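Quick notes on the structure that follows.
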Amino acid sequence: MTNIPTFKLNDGTEIPSFGFGVFQIPADGTTYKAVSDALKLGYRHIDTAVAYFNEQEVGKAIKDSGIPRDQIWVTSKMWLQDYAYEDAKKAIDLSLKKLGLDYIDLYLIHQPYGKVDEAWKAMEEAKKAGKIRSIGVSNMTPKIWNEFVPKFATMPSVNQVQFDPYFQQKELRQIMAKAHVTLEAWGPLGQGSKELFSEPLLNDLAKKYGKDVGQIILRFEHQEGVIVFPKSVHEARIKSNKDIFDFELTSDEMDSIRALDRNGKGMHDPDAPGVEDMLLNALDVHAND
Ligand code: NAD
Numbered sequence: 001m002t003n004i005p006t007f008k009l010n011d012g013t014e015i016p017s018f019g020f021g022v023f024q025i026p027a028d029g030t031t032y033k034a035v036s037d038a039l040k041l042g043y044r045h046i047d048t049a050v051a052y053f054n055e056q057e058v059g060k061a062i063k064d065s066g067i068p069r070d071q072i073w074v075t076s077k078m079w080l081q082d083y084a085y086e087d088a089k090k091a092i093d094l095s096l097k098k099l100g101l102d103y104i105d106l107y108l109i110h111q112p113y114g115k116v117d118e119a120w121k122a123m124e125e126a127k128k129a130g131k132i133r134s135i136g137v138s139n140m141t142p143k144i145w146n147e148f149v150p151k152f153a154t155m156p157s158v159n160q161v162q163f164d165p166y167f168q169q170k171e172l173r174q175i176m177a178k179a180h181v182t183l184e185a186w187g188p189l190g191q192g193s194k195e196l197f198s199e200p201l202l203n204d205l206a207k208k209y210g211k212d213v214g215q216i217i218l219r220f221e222h223q224e225g226v227i228v229f230p231k232s233v234h235e236a237r238i239k240s241n242k243d244i245f246d247f248e249l250t251s252d253e254m255d256s257i258r259a260l261d262r263n264g265k266g267m268h269d270p271d272a273p274g275v276e277d278m279l280l281n282a283l284d285v286h287a288n289d
């Protein structure tokens, strides 16, 4: 019933290349409704995180959907206050409990600072124990990647980073391609940036294909081999964002969108000094446990 293609990760698992992100969707019933709508409309991949405080509603929407567990891909992410080995093991079990699942499809190191090696070891063990199917990282720049990943026993399957037509991560993608690591885009729609949505090239292509600008952006990213999970709480957009599998951009059009890359810093610079402290002080993911 869904027409979403899968990508094969470097550990052999098949991930739906398109999903639904729930960053900043409140856990006051809004996440439950949005995920329920997305599943009804054919989405089969949900991207949440401990730090989004909405794993419980994601889990409930999945359970109530009646869709068999093995037909839905669920990603969550460990927050950096839990990276010490024993804390990391507990954090994985707590995510499973909140989601109400026996296993999580993909678990990520959300922010690459501090005891990343200990968190990674706990995740490798949870993968062996069948609690997690695939493991990966997030927000790793080339500099951070080169600092941590050469010491890992297991190559990450994905690196989830900011990606949109203005910010195409060309240097990072070269490094990741060598190890067959798949890029997952956060902010695939530039978090709704007016500038991006007004871009003349994207508007011209939207007219040509009878699509909207969001669909052109997401189609470009899909053809680049990038996994996307745009967020929206509006049913009409949840529906339209997914409607990108009935047309194809030509290779010249792909090249012209590639040329929109600004080769600059993103909206969040993981390499900036003080980011670790800023993030640690920003929230306590166990405040309500
Ligand atoms: P996004 O690029 O998906 O943008 C979402 C915003 O774009 C919406 O709030 C809405 O304002 C707008 N929008 C959605 N559909 C639209 C449409 N069709 N037309 C016009 N505007 C539209 O940004 P995001 O939510 O930050 O990123 C997607 C997902 O990535 C998140 O929900 C989350 O799961 C993940 N994420 C991960 C990290 C990380 O650190 N790993 C950081 C941010 C987001």
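Each residue of the sequence shown is one higher than the one before, starting from 1 at the first, in full-length UniProt numbering.
Built from N, CA and C at the ideal position, the CB exists for glycine as well.
Quick caveat, the model's predicted, so the values are computed rather than measured.
So the beta strand (DSSP E) residue 161 belongs to, where does it begin and stop? 158-162
Specify the secondary structure class of residue 47 as computed by DSSP and reduced to three states. strand
Which of helix, strand or coil does DSSP assign to residue 134? strand
Between which two residues does the alpha helix (DSSP H) carrying residue 105 extend? Premise fails: residue 105 lies in the beta strand (DSSP E), 104-109, not in any alpha helix (DSSP H).
Please work out which residues of its chain come closer than 8 angstroms, Cβ to Cβ, to residue 1, disregarding the five sequence neighbours upstream and downstream, and give them in chain order. Residue placement at residue 1 is flagged as unreliable, the pLDDT there being 48, under the threshold of 50; a coordinate-derived value is accordingly withheld.
Using a 10 Å radius around the Cβ and a threshold of 16 neighbouring Cβ atoms, would you call residue 230 buried or exposed? buried
If I follow the unbroken beta strand (DSSP E) through residue 78, where does it start and stop? 73-78
With a threshold of 8 angstroms, establish whether the CB of residue 138 neighbours any heavy atom of the ligand ZN. Absent from the structure shown: the ligand ZN. Ligands present: the ligand NAD.
Any heavy atom of the ligand NAD inside 8 angstroms of the beta-carbon of residue 250? no
Where do the N-terminal and C-terminal ends of the beta strand (DSSP E) with residue 184 fall, by residue? 182-186
Classify residue 267: buried if its beta carbon has 16 or more other beta carbons within 10 angstroms, exposed otherwise. exposed
Between the C-alpha atoms of residue 283 and residue 203, what's the straight-line distance to the nearest angstrom? 39 angstroms
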